[in-house]
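Residue numbers (the working numbering): 36 to 212. Glycine included, C-beta positions come from ideal geometry on N, C-alpha and C. Since the structure is predicted, the reported quantities are computational estimates derived from the model, not experimental observations. Notes to accompany the following structure.
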């Protein structure tokens with residue numbers, strides 16, 4: 036029976052490196068989930084004492100934002116963007132969007148840097164007063180990801196050839212080894 040409780044509990048298998056555009060979109064979903072987790076943790080700590088779960092969540096967030104997100108940004112900046120910019124059919128709108136997205140990556144990294152030492156050191160007392168900054172990071176990522184999913188990835192799907200996508204997937208895989 037479709038959409039049963041069991042179906043909802045069983046996650047869809049993640050795309051692999053053979054489908055790099057789908058993998059980038061799946062990464063966007065994970066970034067959004069981790070931004071929400073950061074907001075939830077800050078909100079929780081406003082009214083609760085730090086506990087083991089909060090410490091574990093903090094460590095998970097640090098690993099994700101310090102390792103996975105930089106890989107993702109490099110996947111786009113060093114892999115996807117250059118492939119698109121090399122396409123003679125690339126529109127001026129997407130060219131301008133790529134410039135904007137690169138700048139946003141820099142700004143998103145700066146926003147994360149406000150959290151990095153706090154999360155790295157599991158300073159949950161300080162994190163408890165950072166809910167507004169966590170929401171700002173979340174909103175910034177939401178807007179950024181929306182543009183990538185709605186405009187950039189469809190353009191890439193249309194413009195990139197199979198061998199380019201294969202190369203992109205291999206670069207992404209190598210980056211994580």
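Could you give the distance in angstroms between the alpha-carbon of residue i and the alpha-carbon of residue j?
| i | j | result |
| --- | --- | --- |
| residue 116 | residue 86 | 42 Å |
| residue 176 | residue 191 | 20 Å |
| residue 165 | residue 77 | 6 Å |
| residue 57 | residue 149 | 30 Å |
| residue 159 | residue 108 | 27 Å |
| residue 212 | residue 133 | 27 Å |
| residue 140 | residue 83 | 33 Å |
| residue 193 | residue 126 | 12 Å |
| residue 151 | residue 103 | 14 Å |
| residue 185 | residue 120 | 18 Å |
Can you list, in chain order, the residues of its chain with a C-beta nearer than 7 Å to that of residue i? Leave out the 5 residues immediately preceding and following it.
| i | result |
| --- | --- |
| residue 161 | 153 |
| residue 143 | 175, 176 and 179 |
| residue 163 | 77, 80 and 81 |
| residue 106 | 210 and 211 |
Go ahead and pull the three-state DSSP assignment for residue i.
| i | result |
| --- | --- |
| residue 171 | helix |
| residue 132 | helix |
| residue 54 | coil |
| residue 207 | helix |
| residue 84 | coil |
| residue 178 | helix |
| residue 240 | Absent from the structure is residue 240, since the part of the chain shown begins at 36 and ends at 212. |
| residue 117 | helix |
| residue 66 | helix |
Assuming residue i and residue j make a contact with CB atoms under 8 Å, what is their CB distance in whole Å?
| i | j | result |
| --- | --- | --- |
| residue 55 | residue 187 | Not quite, the Cβ-Cβ distance comes to about 13 Å (not below 8 Å), so this is no contact. |
| residue 118 | residue 59 | Not confirmed; about 12 Å, so no contact. |
| residue 61 | residue 50 | 5 Å |
| residue 199 | residue 52 | The Cβ separation is near 14 Å, so there is no contact. |
| residue 138 | residue 171 | Actually they are not in contact, since the Cβ atoms of residue 138 and residue 171 sit about 17 Å apart, beyond 8 Å. |
Please work out which residues of its chain come closer than 6 Å, Cβ to Cβ, to residue i, disregarding the five sequence neighbours upstream and downstream, and give them in chain order.
| i | result |
| --- | --- |
| residue 129 | 190 |
| residue 36 | Per-residue confidence for residue 36 stands at a pLDDT of 37, beneath the threshold of 50, marking its modelled position as unreliable; no derived number is given. |
| residue 124 | 194 |
| residue 97 | 154 and 155 |
| residue 89 | 159 |
Using CA atoms only, rank isn't needed, just tell me which of the options is closest to residue i.
| i | options | result |
| --- | --- | --- |
| residue 101 | 80, 155, 181 and 173 | 155 |
| residue 95 | 118, 108 and 70 | 70 |
| residue 72 | 173, 195 and 182 | 173 |
| residue 169 | 61, 81 and 64 | 81 |
| residue 183 | 105, 104 and 111 | 111 |
| residue 68 | 88, 138 and 99 | 99 |
Give every residue of the same chain whose Cβ lies closer than 8 Å to the Cβ of residue i, excluding the five residues on either side of it in the sequence, and list them in chain order.
| i | result |
| --- | --- |
| residue 93 | 76, 154, 157, 159 and 162 |
For chain D, find out if any of its Cβ atoms is closer than 8 Å to the Cβ of residue i; answer yes or no.
| i | result |
| --- | --- |
| residue 181 | Any reference to chain D falls outside this structure, which holds one protein chain only. |
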